[in-house]
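Chemist: Mind having a look at this structure? Questions to follow.
Residue numbers (my numbering): 1432 to 1923.
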């Protein structure tokens, strides 16, 4: 009985490409998807200037191939490729034909081999976008360009070692035997080195020499490091938060890029901004450029970003870009539009997250336009579909206020205010990124160094939301505070 279905498969050259969910064996599907989550969670990204932190011991180093993660699966004569989402490549395409000739006769038991599916290109190393192009085209797909580098062994083995060894060097030896003599399918090139200096040498030879996008480094202690060149991009600043201890200094910046149709898409935030003087300068520039926004975005500390006109471009240095979370789910970022009424959310679309971002400088020599802050900058590092397409607005239902209370206390002619607002978003069933309920506490004290402090809590149901509100009032409203009648405002 086959472990996959081709009922909805489309042509891929002389072979077939079955869509996500085509793996019918639950155990196989779980293991392939689980491996991606497990390994992604163990990688630690480092930059070239952090190589000296690597242990002064033996390490296995491989080039990082710019492709897509797939697993070669061989079971009872079937030879296919399986993706973490359950896509299946089967039939007569060159790399699978080679696997049937080279690997199948040596395989023992059900063989599951994680690896990188890549596509050869003229005049340079493989790029992740080339894989998508090679998998397109139906019967005319350029399947001859596809190759596969095996880098681990999840199940099975050969006659000498029928089960995967517990240690990575042992698994690597089995892979080398299984794939010996392959051209389109090979064991990943791996060298044993000692200490950071040897890693630096390979980085210069393989990465700076144009043979790979980075290095994968495996010390003897089981850790896995991913070393890539520093990557910079120019992004538009569309929001900021203040430092609570220094309210006239910027704490973090909210960044966006411009899609091909002119819409803005969030790329993330950066809090590593450099000197205090630069933070103060940014505050002076941004605090006078604030605009309304029907979209709310909170920082990791719970502070809401103040949205601004997109007038400033900053250069940001990152160690990597990530398009999937550790569970293999696509990262989605909000697409926004700016008009006379302010910023309006359009729809969540596939995007990327910045890994270890650092703002290196303000680019006053660049403009906020489709050239200088183009979203296509990130395609140099990752593959994102439909980045060139216009996004249609989703009409979300309005939120519903459940509770709103305001308390005031006057001392020496200064009035402090504390406000509780609890609302039901009515959007969680349409968009899973919206919480069902939000509890918002505002504490304003004019005599304090940081006058405004906010706390935002999310709740799965009404009872929990009301209970959180009771706790905030109990801890924040003591003797001397009086309840006052609030003006009505409704979150959207």
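Even glycine gets a Cβ: it sits at the ideal position worked out from N, Cα and C.
1. Express the C-alpha separation of residue 1745 and residue 1807 in angstroms, rounding to a whole number.
2. May I have the straight-line CA-CA distance separating residue 1921 from residue 1832, to the nearest angstrom?
3. Just the Cα atoms here: how many angstroms apart are residue 1718 and residue 1651?
4. Which residues does DSSP list as the beta-bridge partners of residue 1865?
5. Residue 1840 by DSSP, collapsed to three states: which one?
6. So, is residue 1558 buried or exposed, given that buried needs 16 or more other C-beta atoms within 10 angstroms?
7. Let me check understanding here. Comparing Cα to Cα, which of 1616, 1628 and 1836 lies closest to residue 1503?
8. Are the beta-carbon atoms belonging to residue 1721 and residue 1659 less than 8 Å from one another?
9. Any idea what DSSP makes of residue 1921, helix, strand or coil?
10. Leaving out five residues before and five after residue 1438 in sequence, what residues of the same chain have Cβ atoms less than 7 Å from its Cβ?
11. Is it buried or exposed for residue 1916, if we count other Cβ within 10 angstroms and need 16 for buried?
12. What does the Cβ neighbour count give for residue 1871, buried or exposed, with the cut at 16 atoms within 10 Å?
13. Just the Cα atoms here: how many angstroms apart are residue 1814 and residue 1754?
14. Between residue 1747 and residue 1701, how many whole angstroms is the CB-CB distance? I'm expecting something under 8 Å.
15. Under the three-state reduction of DSSP, which class applies to residue 1808: helix, strand or coil?
16. Could you tell me the distance, in whole angstroms, from the CA atom of residue 1859 to the CA atom of residue 1819?
17. Quick check on the DSSP output: what are the complete alpha helix (DSSP H) runs of length 4 or more inside the region 1450-1524, in order along the chain?
18. According to DSSP, simplified to helix, strand and coil, what is residue 1906?
19. Keeping to the same chain, check which residues put their C-beta closer than 6 Å to that of residue 1954; ignore five residues upstream and five downstream.
20. Please identify the residue among 1835, 1797, 1845 and 1513 whose C-alpha is closest to the C-alpha of residue 1387.
21. Using 8 Å as the threshold, is the region 1523-1537 in touch with the region 1675-1689, meaning 3 or more CB pairs across them?
22. Which of helix, strand or coil does DSSP assign to residue 1599?
23. Mind reading off the beta-carbon distance from residue 1714 to residue 1673? Whole number of angstroms is fine, and I expect it under 8 Å.
24. Could you tell me the boundaries of the alpha helix (DSSP H) in which residue 1707 lies?
25. Which of the three DSSP states is assigned to residue 1872 in this structure?
26. Quick check on DSSP: helix, strand or coil for residue 1704?
27. Given residue 1612, which residues of its chain have a CB within under 8 Å of its CB, disregarding the five upstream and five downstream residues?
28. So, at 8 Å on beta carbons, what are the nonlocal neighbours of residue 1877 in its own chain, with the 5 sequence-adjacent residues on each side left out?
29. Taking 7 Å as the limit between beta carbons, can you name the residues of its chain near residue 1730, skipping five residues before and five after?
30. My assumption, with CB atoms under 8 Å, is that residue 1440 sits in contact with residue 1449. Please give the rounded CB distance.
31. Would you call residue 1795 buried or exposed, if buried means 16 or more other Cβ atoms sit within 10 Å of its Cβ?
32. Are residue 1752 and residue 1566 close, meaning C-beta to C-beta below 8 Å?
33. How many whole angstroms separate the CB atoms of residue 1868 and residue 1898, which I take to be in contact at a CB cut-off of 8 Å?
34. Beta-carbon within less than 7 Å of residue 1552's beta-carbon, same chain only, minus the 5 sequence neighbours each way: which residues are those?
Modeler: The short version:
1. Roughly 16 Å between the two C-alpha positions.
2. With a pLDDT of only 46 at residue 1921, under the threshold of 50, the placement of this residue in the model should not be trusted; the figure read from the coordinates follows. Roughly 7 Å between the two C-alpha positions.
3. When rounded, the separation of the alpha-carbon atoms in residue 1718 and residue 1651 is 51 Å.
4. Here residue 1865 is not bridged, per DSSP, to any residue.
5. DSSP places residue 1840 in strand when its eight states are reduced to three.
6. Buried is the label assigned to residue 1558, since at least 16 other Cβ atoms lie within 10 Å of its Cβ.
7. Nearest neighbour of residue 1503 by Cα position, chosen from 1616, 1628 and 1836, turns out to be 1616.
8. Not in contact: residue 1721 and residue 1659 (Cβ atoms no closer than 8 Å).
9. Here the model assigns residue 1921 a pLDDT of 46, short of 50, so the residue's position is not dependable, and the following value carries that caveat. Residue state, collapsed to three classes: coil.
10. No residues qualify anywhere along the chain.
11. Flag for residue 1916 reads exposed.
12. The residue is buried, with at least 16 neighbouring Cβ atoms inside 10 Å.
13. Approximately 8 Å, taken between the alpha carbons.
14. That pair is a contact at about 6 Å.
15. Here residue 1808 sits in helix by DSSP.
16. Residue 1859 and residue 1819: Cα-Cα distance of roughly 28 Å.
17. At a cut-off of 4 residues, the continuous stretches assigned as alpha helix (DSSP H) that sit fully inside the region 1450-1524 are 1457-1473.
18. Reduced to three states, the DSSP call for residue 1906 is helix.
19. With the chain covering 1432 to 1923 only, the question about residue 1954 has no answer from this structure.
20. The structure shown has nothing for residue 1387, since the chain only spans 1432 to 1923.
21. Output reads no: the region 1675-1689 does not touch the region 1523-1537.
22. Note: residue 1599 maps to helix in three-state DSSP.
23. With a contact defined as Cβ atoms closer than 8 Å, residue 1714 and residue 1673 qualify at about 7 Å.
24. Its alpha helix (DSSP H) spans residues 1707-1717.
25. Of the three classes helix, strand and coil, the one that applies to residue 1872 here is strand, per DSSP.
26. Coil, per DSSP.
27. Cβ neighbours of residue 1612 beyond the five flanking positions: 1533.
28. Closer than 8 Å at the Cβ level, and outside the excluded window around residue 1877, lie 1845, 1846 and 1847.
29. Counting only Cβ-Cβ distances below 7 Å, and skipping sequence neighbours, we find 1672, 1683, 1700 and 1736.
30. In this structure residue 1440 touches residue 1449 by the C-beta definition: roughly 4 Å separates them, less than 8 Å.
31. With a 10 Å radius around the Cβ and a threshold of 16 neighbouring Cβ atoms, residue 1795 comes out exposed.
32. In this structure, the beta-carbon distance from residue 1752 to residue 1566 does not fall below 8 Å.
33. Residue 1868 to residue 1898, Cβ: 11 Å. No contact.
34. Excluding positions up to five away in sequence, the list reads 1558 and 1561.
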